[in-house]
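Working notes, structure below.
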Amino acid sequence: MKDMSEHPSARRFNEKEVMLIKEMTEAGLKPRQILKRLRQTNPELLSTPKHVYNVKAKLRQGNLTVRRLKTLRSPSAADGNSDPSTSFEPSWKKRYPPRVPNLIGGRFIDSQSSTFIDVLNPATQEVVSRVPLTTKDEFKSAVAAAKEAFLSWRNTPITTRQRVMFKLQDLIRKNTDKLALNITTEQGKTLKDAQGDVFRGLEVVEHACGMATLQMGEYVANVSNGIDTYSIREPLGVCAGICPFNFPAMIPLWMFPVAVTCGNTYVLKPSEKDPGASMILAELAMEAGLPNGVLNIVHGTHDIVNAICDDDNIRAVSLLVQIQPSLFQSFSQAGMHIYARASASGKRVQSNMGAKNHGIVMPDANVDATLNALVAAGFGAAGQRCMALSTVVFVGDSKLWEDKLVERAKALKVSAGTDPEADLGPVISKQAKERVCKLVQSGVESGARLLLDGRTIKVPGYEQGNFIGPTILADVTADMECYKEEIFGPVLICMQADSLEEAINIVNRNKYGNGAAIFTSSGIAARKFQTEIEAGQVGINVPIPVPLPFFSFTGSKASFAGISISMAGVQFYTQIKTVTQQWKDLPSGAGVSLAMPTSQKS
């Protein structure tokens, strides 16, 4: 067998580039697209699409092994220009299909589980990796490692913890493309949207860099004669996070950076559908200087979730629930199960659950800006966002805009996330597609008008993909199943109201309260809306606002139980200790007083 180190085409690529060719091939990219992306990081690359094709052929034949990849000459390293932060390659991904390991005590350890779940590319159904159902013993080891690491980490100066976050944000920036490609491959969203996923999480890491200020306590001198009182924030101990599939980078970064910078240690459970981004982030965190055991990762489904809820060593649990309901009828039922079970064992719990976000459209709104916002917020990420604007309430004559809304939605391109021209990619799984289509059909059977049907869309070259095109249902009423349930797909539901008062009542009668928006040119209408609406996130002439790290993210009613990120996140991950101290000379022979001490003179 010929040594690939002598192959004329392979010699033009370093190890990192060949591994990227492999991953992009698995993601469905063509040679010319692959070369274009490679040149974004190495503009001087002289290879041609034919050279990419040759490497792909060797990969298919199995002639290009990891051992041989290591013999390939790396031009940047040979020239002394190697940057280790940009040549990052997860060690566990160097076999195919890779088996995702647990992270326990600073070591990536292959699970001894007998059960693995295939992580599938939603656009192709190709197996990207295999994720284990972490065993009970492995889970206990992860918690024990976190508990042991807490003893020293809590006493690490906060400035040292902040420096780890400064380094982490730098490493994330340098590996954004790597993370985005992994997200697109495992989750399906477009590369541009995947980059946004990373950047939104990065903002929270940057926010955690200022933890010393965020964690400042309170001090009052001389609350009584010679007595001072102050409050300080202390870490809880071992905390845990349960992540959904829809934001593989952003949600983990909402969780562990704030928690560990507060002085806690962490056990993270990524979604079993797309764990790769969490694994990459973990390697970057350790490269940034996070000590062994401070961050641990386990995998699985409901069994590992229940184990997290029940373990007495875990003090707090954060979760965002976008679990495809199998054991539960809805996202909220899944979230409430976790909230109740974890709370029963004395844990703090913050739980983001189901949503049905409404956008009220007033007749005086800017037509183009409003329609563009509705399309972007309704169909972006294939509707798989907890903040997706899935329901439009047209007030009065604004209902006449429905045809224009359909025209804009029709213009969107549905394709694999790696397609540079794609506006939206596939939904996460075949089961998710079936659920979305079933809810759309239930609306049609209940009397809704199907203005745009994307259920039968076919994407050339990706016939096995879980694609659903933009879909719009009109004349939907509050008793329809498609309205009562969160669809979590590229489906926009249209309702009608005669007045703003009626529209607000429609929104407030819904059991969910994650977010709501209004589009209007009237300040009076906007103020009435923001005052009377029952929702945690409110948008005025913008769709549901994406949470910012320096503002708390919360919901209302059945959408939320707890508050996350920003100062509320710091409060969640810390406990207050109030100290009252007295340093003064007491007169000799002073007697004992059993009266309630006060600062008042009798």
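For the sequence shown, my numbering assigns the number 1139 to the initial residue and increments by one for each residue that follows. All residues carry an ideal CB built from backbone N, CA and C; glycine is no exception.
With a threshold of 16 other beta carbon atoms within 10 Å, residue 1307 meets it and is buried. The Cβ-Cβ distance between residue 1526 and residue 1514 does not fall below 8 Å. For residue 1546, the enclosing alpha helix (DSSP H) has its first and last residue at 1540-1548.
For residue 1666, the enclosing alpha helix (DSSP H) stretches over residues 1661-1670. With a 10 Å radius around the Cβ and a threshold of 16 neighbouring Cβ atoms, residue 1624 comes out buried. In terms of Cα proximity to residue 1422, the closest of 1269, 1673, 1304 is 1304. Rounded to whole angstroms, the gap between the alpha carbons of residue 1457 and residue 1732 is 48 Å.
Taking each of 1242, 1260, 1175 in turn and checking the Cα distance to residue 1520, the smallest one comes out for 1260. Contact between the region 1282-1290 and the region 1388-1404 is established, with three or more Cβ pairs separated by less than 8 Å. For residue 1428, there is no enclosing beta strand (DSSP E), as DSSP marks it with neither H nor E.
Boundaries of the beta strand (DSSP E) around residue 1240: 1240-1242. Exclusion of the five residues before and after residue 1449 leaves 1281 as the residues of its chain whose Cβ lies within less than 7 Å of its Cβ.
Buried is the label assigned to residue 1291, since at least 16 other Cβ atoms lie within 10 Å of its Cβ.
In its chain, beyond the 5 residues on either side, 1487 have a beta carbon closer than 8 Å to the beta carbon of residue 1481. Beta-bridge pairing by DSSP links residue 1653 to 1675. Per DSSP, residue 1528 is one residue of the beta strand (DSSP E) stretching across 1527-1533.
Sequence-distant partners of residue 1272 (beyond 5 residues in either direction) whose C-beta falls short of 7 Å from its own C-beta, in its chain, are 1240, 1249, 1251, 1436, 1437, 1438, 1442. Under the three-state reduction of DSSP, residue 1320 is assigned to helix.
Per the C-alpha coordinates, the member of 1424, 1330, 1320 positioned closest to residue 1386 is 1320. The bridge partners DSSP lists for residue 1377 are 1404, 1454. With fewer than 16 other Cβ atoms inside 10 Å of its own Cβ, residue 1738 counts as exposed. Its Cα nearest to that of residue 1683, the residue 1654 stands out among 1314, 1509, 1706, 1654. If you check the CB distance, residue 1512 and residue 1630 come in under 8 Å. Rounded to the nearest whole angstrom, the CA to CA distance from residue 1651 to residue 1289 is 40 Å.
Under the three-state reduction of DSSP output, residue 1633 falls in the strand class. The criterion of a C-beta distance shorter than 8 Å is satisfied by residue 1672 and residue 1695. Between residue 1636 and residue 1534, the beta carbon gap of about 7 Å places them in contact (Cβ cut-off 8 Å). With a contact defined as Cβ atoms closer than 8 Å, residue 1446 and residue 1407 qualify at about 7 Å.
Under the 8 Å Cβ criterion, the region 1318-1333 does not count as touching the region 1369-1379, having fewer than three qualifying pairs.
Cβ neighbours of residue 1300 within its own chain (closer than 8 Å, five residues either side excluded): 1346, 1347, 1348, 1349, 1350, 1399.
DSSP lists 1529, 1654 as the beta-bridge partner residues of residue 1496.
Between residue 1697 and residue 1674, the CB-CB gap stays under 8 Å. Excluding sequence positions up to five before and after residue 1343, its CB lies within less than 7 Å of the CB of 1303, 1306, 1307, 1310, 1391, 1395, all in the same chain and listed in chain order.
The Cβ atoms of residue 1604 and residue 1567 lie closer than 8 Å to each other. Spanning the alpha carbons of residue 1598 and residue 1565 requires a straight line of approximately 17 Å. Distance from residue 1331 to residue 1518 at the Cβ level is roughly 7 Å; contact confirmed, criterion being Cβ atoms closer than 8 Å.
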